[in-house]
Structures are given as C-alpha cells and as structure tokens.
C-alpha cells in the first residue's frame, strides 16, 4: 500500500520519472526476489532519539515509511529523532517521506545514496549515486520541500533526453575518459557531474556519509542492480519545541509573502518556492488525472488481464 | 578567549576574510555597545534533545560555542542534540564550531543567516544573507568540513575583488535593477545570486528557515548593522549510536582512499575533500605564521601602544 501510495503521489506531483513508470520495475523486482515480499524489519540499535534499522530488502517505500514514522515518534518525545535504515530497496522520491514529516508540523532532513553514476569533482570514475538530499518545512499552502539530486541532473532525465536525442547542457556530464560531453549517450556510459561546482560536490559526499558511512549501509560504488539504495537517513525536528507553532506559521506566511512580492530579476515571471511547482501540478492532476506513457500503459493492460484488475478510465 | 581562538583558527585555515581582519570590527563593536561585553545567556526552552537560547547580543563566538557545547552534551545523552540561538552577534566561520563537534566523534549540521545581500532566484531585491550552511564528519587526518555560503560567492570576496578592480564571473550577481552584472561595484550595490541555480536558491531559503523561522531569530531582511547574525542553529549526532566508531573510521578511510585514487577528470591534479585545503593551509601556517594585511597590522600597532601588548614577530 505504501508503494502504490507513493507512486501515485509522485505521479500527482509531476515527478513522472518516479511515478507509474516504476510499477514494472517493482513487480519484476518482487518476481526475481530482489524485493523481499515479506521483510522482517529489525531494529539493530536504539536510543531515545536515534535508531538504526535493517530493512531486510523489503520494498523501499515500506522500510523508509517505517523509519520516518520512528523518527517522528522520537521527535515527539525528545524534540528531534534521527533514524538510519540499511538493506533497503528502491524507495522512490524523498519528497514523499518529507511530506509525512511536515504533516506532523515538523522539519526534516533526509538523505539516500544509490548505485554509482556520479563522482566528486576531479574524479573520472563512477563513485557516488545521484545522491539526493531533501529538506522540508511545513507551510499552510504546501510543504516547502527541497528534494534534489546532488548531480547536476537526475539519472532518469539523462535517460529520457537520450531517448529524445537531445543535447545536454555543458557541465552535466563527462565521458568515461573524463572529458566533458553534451551527448546523453556518452553520459550514460560516463559520469554525472555534481551541481554547483565544489559546493555540490561536497554535498554529494555528505549525502554518502549520512546514507552509508553513519549506518554501515552499502557505499554507492558497491551497489549493483538489483540493489538500489545503500542506505537511508531521516531526521524529524519538532518545531513546537523551539517556539509556538502558530507563531512560526505566522512568521513563515510573512516571509513567503515578502519573497513573492517586489521586483523580479530580468527574465523571471515569479519567484518559486521549493515544492511549489510540484504542489501546483498535484492540484492540476488530482482534477485531470496522471498522464501515463504508452509503454507503461501497455504493461498495465498485461497486468489487467493477468490479475483481473480493471484499468482506470482514459481521458 | 573564544573570539581570539576562532580568529586564529580561521586565519590558520586560510579563511583570511574571517581572521585577523575582523579584530577591528569586534573591538569597535564592543566600544559602541553593539557587542555585549557581559552577556547573560539564557536558556528559553529546553527538552532532552533540543534547546533555544538567547545570546543577549554577546560575542557570537561565545554564544555559538556555548550552543555547540549544549548540542554535544545532549547528543551524548540521547544520540542527537539540536540547539538554536537568537540575539547573537557576528560569529565568524561555522567551520570553527563544526571542528568542535567532530573532535567529539560526532557529525554536525549548522546554519546561520546574516544581513540581506542575496536573494532567491527571480527576486531582484535583497532578501537573505549569504546564508552559509555547514556539514561536518570526523576523519582521522582532518575533519571533513563543508562550510559554504549559499550565494555563489561570499560577501567579503566581492569586497576584495572590488578593491582589486577584478571582474566577477557571470552568474554571481545582479545589479539593483535585477540585470546580470560582472562589475564588483555594481554587485556591492546590487544582489548576490545563489550558487547552483534553483538548488542553491532552495538551500538559501532552508538556511533562513533553520536560522530564523525555527527559533524566532531575526530574518535576514530585517537585520541591519550593527546586528550581524539573525540566528544560529547547530546539531550534533553521535556516530557511536549507529555503529562502532572504529568501524565507521575504518570504512571512511577506505572511502577516502577510493575517492583519492583512480583516473582524474581532464584539467584536475587531484580530488580534494571538503576541508582538506583548509587543513593543509593550517599546517603550513602553524609553521610559517599567518599573513596579516598592512591595514590590519597598522591597527594592531595602535592597539599595541594603547594597551601595551607586544606584537608578534614579523617574518
């Protein structure tokens, strides 16, 4: 149920790379045994504000939701809770877990690593994953979710651009010999560069340390399919421990109003907050439906006849 | 003592913008009363893993060191500690407090905001400070410290480049009308852009939320000199709560070795880790001394005769 919930959520928010297109991967993962259908999640270590759990290679959504709930529970008791999970399968977007945290009036920080495709600045060999990190703060209109790969582009984006025959912007990738490339096919064989120069490169490393080194999760360069994620780190911070939530919310409204008003930079139509575009897409798609690509739809038809599930109405 | 300790530490690490050059600002701040010589630090709220403190406008180094020590103490008891400080004066580099955390075998995350000079992408009005954030993990050779402004360049850098008559790289700043500029003088009147596009822009906002919104600290656009920092957030996480520190350290050694070896990208001589260059400079300067600019040295001579303090030997 967590898996389906997250795929729909990602699809609604417009993160099509992490939506319905993943159904096939997950069903085949269960078929091959890569995803453990009946995982026994074990708590390996636990303190009043921290825990380390073993996900037994269960569906990432199931394990990561559990870890997030534990972090929230600890934050309720002590003000902040931090939970790491190892042996976890593909868990989708971090934004999903971030939204659970913000719905509890808490702020969160999340990390995960994945099989190596990127590298820190200067190294011409796949070292780290696209290593996303995520920050979240609650806000009345939509949660302020910053969910970002620490590579210049997410892996699925390169894949889609290759399919379209598009050219990559400079600074996104190097080929396998360490030379700059704008060819998405060479990038698929090569290495993804961090975003934002040495700062993004440093964040890529920090994401690795939180995901794998802190917990003993698998480091990115040792992850190979069907394994997906080396480790997952989530922390929840109870805003009410610092000040009245109502006062926080009022001050945030004012801040958002300020950011949204006033003069714009040349070429901009508005100032967008983290998570704002996704919230708009979700509102639109809740009304109009989630677009599904033909290949995925064909797979849905196979599943439909195999398991006698009726398909949603086409629009 | 914390103040002097930090200035020397920053100077040793090569962060000259936050070293001896600040002595004058601090002494004058005490003279004018902007920095409270005898602050009464009060704990406003406290739980087992969190605290909010009022720094009474004492020297930032004093207040932030206190907050860092509290976070470490809480992390020792519960696994993680998070402390926010408001009413805090200029606190120098976050790297200084990060090093205290890593010396206790803990990982840390730190944020602070400052008077508005930057803005999120799209807004052509000063909104947020250079809003640095800092991550740290302990490592046997030197702490892995990523201490970075979320603007493309730190404010002092623009100031120094203006003095030198240098040209700014594109993407660092816009003028006060919101048009791109490479003139450091226009940038000083204008707005600093976030690093790394919308990702850096999002991190700039998150830094603001941790520094001011969580704690009720002053938001960047309300800070005006002589106030320096709106708020300070520090968290310490006890690595030993997740796995044996020895195992962490061994795995990190291997990771560092891997990152440092193997093929290099075109144009690179080595892969540098966060904090590595600063650690090298510190080793060099511990031997050879800290360079001091002439203006600062002249000020030292005035102080020397006024307070009968002998000056260090020139090299």
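Chains as they are written, first to last, in our numbering: chain A, 7 to 321; chain Y, 7 to 321. Ideal placement from N, C-alpha and C gives every residue a C-beta, glycine not left out. All figures in this text were calculated on a predicted structure; none of them were measured in a lab.
N-terminal and C-terminal residue of the beta strand (DSSP E) that residue i is part of
| i | result |
| --- | --- |
| residue 60/A | 56 to 64 |
| residue 48/Y | 48 to 52 |
| residue 120/Y | 112 to 120 |
| residue 142/A | 139 to 143 |
Within chain B, partners of residue i - CB distance below 8 Å
| i | result |
| --- | --- |
| residue 46/Y | In the displayed structure, chain B is absent; the protein chains listed are A and Y. |
Contacts of residue i in chain A (Cβ-Cβ under 8 Å)
| i | result |
| --- | --- |
| residue 154/Y | 205, 208 |
| residue 253/Y | 222 |
| residue 164/Y | Within chain A, no residue comes near residue 164/Y; the closest Cβ sits about 17 Å away, beyond 8 Å. |
Cross-chain neighbours of residue i in chain Y, by beta carbon under 9 Å
| i | result |
| --- | --- |
| residue 54/A | 54, 55, 83, 84, 85 |
| residue 149/A | Those within 9 Å of residue 149/A in chain Y number zero; the least Cβ separation is about 12 Å. |
| residue 271/A | 125, 127, 128, 129, 130, 180, 184, 185, 186, 197, 199 |
| residue 245/A | 219, 220 |
| residue 276/A | 128 |
| residue 215/A | 113, 141, 143, 150, 258, 261 |
Candidates the options, of which the one nearest residue i by Cα
| i | options | result |
| --- | --- | --- |
| residue 57/A | 113/A, 81/A, 250/A, 255/A | 81/A |
| residue 155/Y | 270/Y, 140/Y, 227/Y, 291/Y | 140/Y |
| residue 9/Y | 62/Y, 23/Y, 98/Y, 40/Y | 98/Y |
| residue 88/A | 94/A, 148/A, 76/A, 137/A | 76/A |
| residue 55/A | 79/A, 62/A, 19/A | 79/A |
| residue 108/Y | 96/Y, 147/Y, 11/Y | 147/Y |
| residue 222/A | 312/A, 103/A, 191/A, 93/A | 93/A |
| residue 289/Y | 19/Y, 263/Y, 166/Y | 19/Y |
| residue 135/A | 188/A, 160/A, 111/A | 160/A |
| residue 151/Y | 233/A, 208/A, 247/A | 208/A |
| residue 265/A | 126/Y, 231/Y, 276/Y, 277/Y | 126/Y |
| residue 285/Y | 276/Y, 315/Y, 105/Y, 23/Y | 105/Y |
| residue 248/Y | 12/A, 33/A, 38/A, 60/A | 60/A |
| residue 49/Y | 31/Y, 73/Y, 40/Y | 73/Y |
| residue 261/A | 258/Y, 293/Y, 234/Y, 212/Y | 212/Y |
| residue 111/Y | 170/Y, 250/Y, 182/Y | 250/Y |
| residue 179/Y | 201/Y, 170/Y, 166/Y | 201/Y |
| residue 175/A | 183/A, 182/A, 163/A, 184/A | 163/A |
| residue 1/Y | 254/Y, 275/Y, 204/Y, 167/Y | Because chain Y spans 7 through 321 in this model, residue 1/Y falls outside it and cannot be assessed. |
| residue 274/Y | 272/A, 204/A, 273/A, 90/A | 204/A |
| residue 170/A | 190/A, 276/A, 271/A | 190/A |
| residue 295/Y | 319/Y, 281/Y, 312/Y | 319/Y |
| residue 158/A | 210/A, 181/A, 96/A | 210/A |
Partners in chain Y for residue i, counting only beta-carbon separations shorter than 7 Å
| i | result |
| --- | --- |
| residue 280/A | 208, 211 |
| residue 225/A | 261 |
| residue 51/A | 247, 248 |
Check: residue i C-beta below 6 Å from any heavy atom of the ligand SAH
| i | result |
| --- | --- |
| residue 278/Y | The ligand SAH is absent from the structure shown, which contains no ligands of any kind. |
Residue i: first and last residue of the uninterrupted alpha helix (DSSP H) it sits in
| i | result |
| --- | --- |
| residue 88/Y | First-last for residue 88/Y: 86 to 94, but that is the beta strand (DSSP E), not the alpha helix (DSSP H). |
| residue 151/Y | Element bounds for residue 151/Y: not the alpha helix (DSSP H) but the beta strand (DSSP E), 150 to 154. |
| residue 27/Y | Element bounds for residue 27/Y: n/a, residue is neither H nor E. |
| residue 106/Y | 100 to 109 |
| residue 169/A | 161 to 170 |
Contact list for residue i against chain A, beta-carbon separation under 7 Å
| i | result |
| --- | --- |
| residue 109/Y | Those do not exist, as residue 109/Y stays about 17 Å from chain A at its closest Cβ, beyond 7 Å. |
| residue 265/Y | 126, 129, 133 |
| residue 268/Y | 129, 131 |
Chain-ordered chain A contacts of residue i [CB-CB under 9 Å]
| i | result |
| --- | --- |
| residue 58/Y | 247, 248, 249 |
Residues that residue i contacts on chain Y, provided the C-beta gap is smaller than 8 Å
| i | result |
| --- | --- |
| residue 202/A | 201, 202, 203, 205, 206 |
| residue 88/A | 85, 86, 243 |
Could you name each continuous alpha helix (DSSP H) segment of 4 residues or more that falls completely within the segment 240 to 304 of chain Y, going from the start of the chain to the end?
If you keep only unbroken alpha helix (DSSP H) runs of at least 4 residues inside the segment 240 to 304 of chain Y, you get 251 to 266, 282 to 294.
Between the segment 207 to 224 of chain Y and the segment 234 to 253 of chain Y, do at least 3 Cβ pairs fall closer than 8 Å?
yes
Is the number of C-beta pairs between the segment 127 to 143 of chain Y and the segment 191 to 210 of chain Y that are closer than 8 Å three or more?
yes
Decide yes or no for the touch test of the segment 296 to 303 of chain Y against the segment 27 to 34 of chain Y: beta carbon pairs closer than 8 Å, at least 3 of them.
Taking a cut-off of 8 Å for Cβ pairs, the segment 296 to 303 of chain Y and the segment 27 to 34 of chain Y touch, as three or more such pairs fall below it.
Ignoring anything shorter than 4 residues, give me the alpha helix (DSSP H) runs that lie fully in the segment 179 to 240 of chain A, in order along the chain.
190 to 195, 203 to 214
Report yes or no: do three or more beta-carbon pairs, one from the segment 114 to 121 of chain Y and one from the segment 218 to 235 of chain Y, lie closer than 8 Å?
yes
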